[in-house]
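Per the numbering used here, the sequence shown starts with residue 76, numbered consecutively.
Cβ coordinates follow ideal geometry from the N, Cα and C atoms, glycine included.
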Amino acid sequence: MRAVAPWVRTRLRTSPGAAVALLVLVLVTSFLAAAFPRAVDGYESDGLRQEISAASPDRSVIQFTEGPAEEFTDTSDDPEADAAYRLRPERLTKAYRAILSALPGPLRANVDQSAYGVRSVEPERAGDAWLPELDGGRPAFTFSTQAGLGDHSTLLKGRLPRAGKGSGTVEGAVTAATAAALRITVGATVHAGPITVRVTGIVTPRNPQLGYWSTEPVLRTPTLLYVGQPVPMPYWHGALLLDPGSAEALLALPNAPEPYWRIAPDPSGLDIADLSELRDSVASAEGGPLRTELRDSVSPELDAGTTLDELLLGFDDIRAAIGPVVAVAAFGAGSVAFVVLLMAGGLAVARRNRELALVRARGGSLPGLFSRLLRETAVVALPAAAGGCALALVAVPHGALLPSLLASGVVALVACTALPARAAFAHRRARLDGGRDDVTHHRPSRRRVVAEVTLLTLAVGAVVALRRRGTAPGAADELVSAAPVLVAVVAALLLVRLYPLPLRLLTLPMARRRGVVGFLSLARAGRSPATTVLPLLALLVALTTAAFGGSVLSGVDGARDRAALVTVGADARIAALDGLPDSLAQQVRKVPGVQEVVPIFLETELDLRDTGTRNVTLVAVEPDAYARLARATQLGEFGAGRLRGGSDAVPALVTPAVAERLGDTEALIGPAGAMFTVRTVGVLETTPAVPVGDFVLVDASRVPNRATTALLLTGQDISPAGLRSAVRAAGGDPVVALRSEVRAGLTESPVQSGAERIYVVAAATGAGYAVLALLLSLLQAAPERTALLARLRTMGLTRGQSRRLLVLESLPQTLLAASGGALVGWGAIQLLAPGIDLGRLSLGSQSGFATLGAVRLAPDPASLLLPAFAVVVIAVGVCAVQAWVATRRTTTTELRVGDTR
C-alpha cells in the first residue's frame, strides 16, 4: 500500500513561494527585534566610556590621601622617624599596589595615568628677587614628589632630580611652561619657605591632558592665585618636581606634607550593565566597605574623594531621560511589525479559505487543524527566527544576550501562531459559506466592544500619565511610552466604525449618475472585508510613529540650532577683552561666506552705581547694523531709532532686572572718569551680543573711551579656515567661535547620536512594515478584483474603465488611512507634548541654555504630510499596476483567476 505523504512536506512543496516569503519576513523581523536592545546597549556603553574618558582628570580620578600623622602608630620612639616612614617611596609603592588590588571589578585602574607621591598642602612663597613679581607679590610653589616623572616626560635640558634627605638643599625639576613663565633655568636655586631647591632639569610633559599631569594642573602649567580685598591682586603659582626620595625634606614645611594616591579609572572594558555596580564601587571607596578595608591595610587616616560619582549620576540622568523617548519609536515599530505578522497569517487563511472549510466539513477538529497549521508554519518560522537572531548577534556584537533572545522568541511565537489561530477562529464552526462580512454590514460583537473600551481606557490613562509625569528620569514606564501607539489603535478602531457612514452618503448621488465606475468603486469599497482594521491599524500606527519621530528629530535639531545661536550670538563671533585691531573688520569682510560684520564694544563689569551685586554688561553698538542682526537672529528685536535721540541722557535698552535697578529716571553709570547718563527706553529679554545675562544696550557713538572688543558676523557657509586666517593676519590673539562648530559639538555624545539613529531606524522600519501591510491588504483582494474585472469586461467595461475602477476602489480606504494618520499624528503630538521634554536628547549635559526653557515637542508639517502622501501614491501605484497586468490577460485566463480547480 502506498504511504500518504506528510502534510507539512506536501504543503511546502505546493506553495514554496509563500513559504519563502514567510521565511524572509520572519528573518528580517527577528533580526530587527534582536538587534534593537543590543544597539541600545551599544550606544549607551559607548556613551558611558566616553563620559569617563572625556571628563577632565580632576573630575574622574579617585584620590586617596593620608591625614596627619598624630595617630600613626610605629614601634619607633622617635616621632620624626614615624613621620619620615610615612613618606618613604617603598611604603607609598606598597600602599599603591594594595589599593589597586582592592579595587572591585568595574572600577579598574588605568595604571599608565594613575600616580602617587607626596605633596605640600599649601603653596610656599618664594624669597628670590630674580623671580617675576606681580601685583600680588612673588611666586608661590607647590612641592611634589610624584613617582614616574621620567616615564611621563621628556627631558629638554639638564637631568632629572635625584634623591636628597634632610631639610637642606634638594634637587628638583620644572616643566617647560613653568620655566618660561617664571624665568627658571637649569642650575637656578629657588628658596620657597624653609626648603631650598636647586633646579637640575626642565621637562616637557607627555600627554599633558591626561591624569598624571592634569589631576593637579599646576604640576605642568603655572597658574595665577589672588590675594587682597576688595581688589584681588595676582601672583604666580608654580610646581617644583622633586625625586620621591626627597619627600623627607617636606617635613620642614609648616604644614605636614600629604601622601596621596590618584587612581585614574580605565573605562575601556565598561558596559552599560556595569553602571550600577560601578556607582556602588565608587560610593564604597568614598565612604563604604572599600574605604574601611583600605584603612585596615594601608593607613587608619586614609580618606578618599572624587567627583566620579556625580559624573556617573549625570550620565544616568541623561540615559534615563532619553530612554522613554526612544521607547516610543520602539513601541511604534514593534506594533506595526506585529500587525504585519498577523496580516501575513490572515492572507494565508484568506487564500486557503475553501481548503480549510472543506477540512472542517469533512470532520476535521479545531485542535487537529490548529496543530497541522502550527507544524506547517513552525518549520519555516523557527529557523528563520533563529537565523535572524544569529545575524543580529553578529551584526551587533556587544550588548545583553537575554533581551535579544526574548525578542526573537516573541517574533517566532507570533509568526508560528498567527496562521493557526486566525484559521481556528475563522473556522470555529464548520460551514462552506460564511456570508457577507464587509464593513457596511458587519456588526461588532460584545467581546470586541469590551476590547475596544479596554484599549480606550489604557490610551486615556497613558496620555494622562505622560502629561502629568512627563519623561523625566525614572518617571516614564512602558504604558507611557506606548501612549502614541495606543492613541493610534483607538483612532483606527474609531475610524473603522465611522468608515461606512461616508460611503453610504457618497453612494446615493453616485447611483444617480450615468457612469458606472464611480458607483461600482464605492460599492466595492463598502464590500471590503471587516478585517480591514488590521492594515488600517498598521498604517495609522506607522504614520503616527513617523509623525512623532519626525517631530522629535525636528525639535531636537531646532533646539540645537537655537542653543548654538545663543552661544555665539550670530553665525560667527570674534572677541578679545583688550580690543581688536582696527583693520580686522575690513579683512573679515573678505572671508568667503561673510555677508555683514557688526562691531561691538563690550564692558563685562559695568558699574551701575548702586548696591546691586549681579554682573551687568555694557553693549555699545551701531544701531542700524545691530538692529538688523537682532532681527535676523530673533534675539531681542528692536527698532534702531529707539537708541537714537535724547538730549544729555543716552537712550538704553536693558533687561528687566537692570530696569528695576535703574528705575524710571535718568541714571549715572560707568567707571570713574568715564561716567555717562542713561535713560531706559525699553526692555529686552536677550540680545545677540549677550544672549544670557543682564546688559545695557546703547548707541556706541554716545559712549566715551570705547574700542571694538567683538565682531558679530552673519552669512552663509562662512569658511572657518578663512576666518581664522584673517584673524591671524590681523595680529593679536582673539577668540573665534563659529555657530556651525558649536552646533556640531552638541551632537558629540554617543548617547544622543545613538538615540537619534535608533529613532530614525525605528521610524523607517515602521514605514517599511506599513508599506508591506498595504501591499498585503491589496494582495489579499487581488484575485477577487481580477475576477471581477474579467466579468465586467465581458459586459463591455473598457480597459481604461477597469483601471479607474481599481484605483477608485482603493482610494476610500487609502485616503482614510492617510488623512487619519496625519490627524492622529497631529493629535497625539498635541496631547503628549506637555509631558515630553527633549532637552536631554537635544543638549545632553550641556549647561548655560536656561533661556531656551524646556524643549517641548511640536508638530512638524513635513513629518505629518509626506508619509501620508506617500501612502496614497503607493496605493494608487500598486492598483494601477495590478489593473494594467489584469487587462493584459486573455478573457479565459481572467475568468479563471482565483479558481483552484
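- Rounded to the nearest angstrom, the gap between the Cα atoms of C491 and L386 is 47 angstroms.
- Along the segment 197-263, the alpha helix (DSSP H) occurs as fully enclosed runs of 4 or more residues at 251-257, listed in sequence order.
- Beta-bridge annotation (DSSP): H266 is paired with T271.
- With the rule of 3 Cβ pairs closer than 8 angstroms, the segment 346-355 does not count as touching the segment 781-801.
- Ranking L618, A727, F139 by CA distance to the CA of T367 puts F139 first.
- Beta-bridge partners assigned by DSSP to H312: A215, T298.
- With fewer than 16 other Cβ atoms inside 10 Å of its own Cβ, L476 counts as exposed.
- Two segments are said to touch when three or more pairs of C-beta atoms, one from each, lie closer than 8 angstroms; by this definition the segment 848-868 touches the segment 610-618.
- In the DSSP assignment, F406 falls outside any beta strand (DSSP E) and within the unbroken alpha helix (DSSP H) covering 383-426.
- Where A727 is concerned, the enclosing beta strand (DSSP E) starts and stops at 725-729.
- Membership of T740 in any alpha helix (DSSP H) is not indicated, and neither H nor E is assigned to it by DSSP.
- In the three-state reduction of the DSSP assignment, Q827 falls in the helix class, which pools H, G and I.
- Residue pairing by DSSP places T279 opposite T229 in a beta bridge.
- In the structure shown, T532 falls within a helical segment according to DSSP collapsed to helix, strand and coil.
- Here M418 is buried: its Cβ has 16 or more other Cβ atoms, across all protein chains shown, within 10 Å.
- Residue burial annotation: N185 is buried, with at least 16 other C-beta atoms found within 10 angstroms of its C-beta.
- By the CB criterion at 8 angstroms, P726 and R717 fall inside the cutoff.
- Secondary structure at P332: coil, using DSSP grouped into helix, strand and coil.
- Inter-residue distance for V946 and P936 is about 16 angstroms (C-alpha atoms, whole angstroms).
- Only residues of its own chain outside the window of five on either side were considered, and among them Y310 have a CB closer than 6 angstroms to the CB of G212, listed in chain order.
- A distance of 8 angstroms or more separates the beta carbons of L87 and I347.
- In the three-state DSSP reduction, L772 falls in the strand class (E or B).
- Residues of the same chain with a CB within less than 6 angstroms of the CB of L457, apart from the 5 flanking positions on each side, are A487 in chain order.
- Around the beta carbon of G745, 16 or more other beta carbons sit within 10 angstroms, so the residue counts as buried.
- In the three-state reduction of the DSSP assignment, Q670 falls in the strand class.
- Judged by DSSP in its simplified three-state form, P81 adopts coil rather than helix or strand.
- Contact between the segment 311-320 and the segment 106-114 is not established, with fewer than three Cβ pairs separated by less than 8 angstroms.
- Here the C-alpha atom of A563 lies approximately 22 angstroms from the C-alpha atom of V948.
- A straight line joining the alpha-carbon of V694 with that of P763 spans about 10 angstroms.
- DSSP, reduced to helix, strand and coil, places F713 outside both helices and strands of the structure shown, so it counts as coil.
- With contacts defined by Cβ atoms closer than 8 angstroms, L294 and A215 do not form a contacting pair.
- In the three-state reduction of the DSSP assignment, L98 falls in the helix class.
- Residue environment: E816 is assigned as exposed (fewer than 16 neighbouring CB atoms within 10 Å of its CB, all protein chains considered).
- It is roughly 56 angstroms from the alpha-carbon of A892 to the alpha-carbon of S800.
- DSSP places R447 in the uninterrupted alpha helix (DSSP H) bounded by 441-470.
- Within the same chain, Cβ atoms closer than 7 angstroms to the Cβ of F713 are found at A702, A705, L728, G757, L759, the five residues on either side in sequence being excluded.
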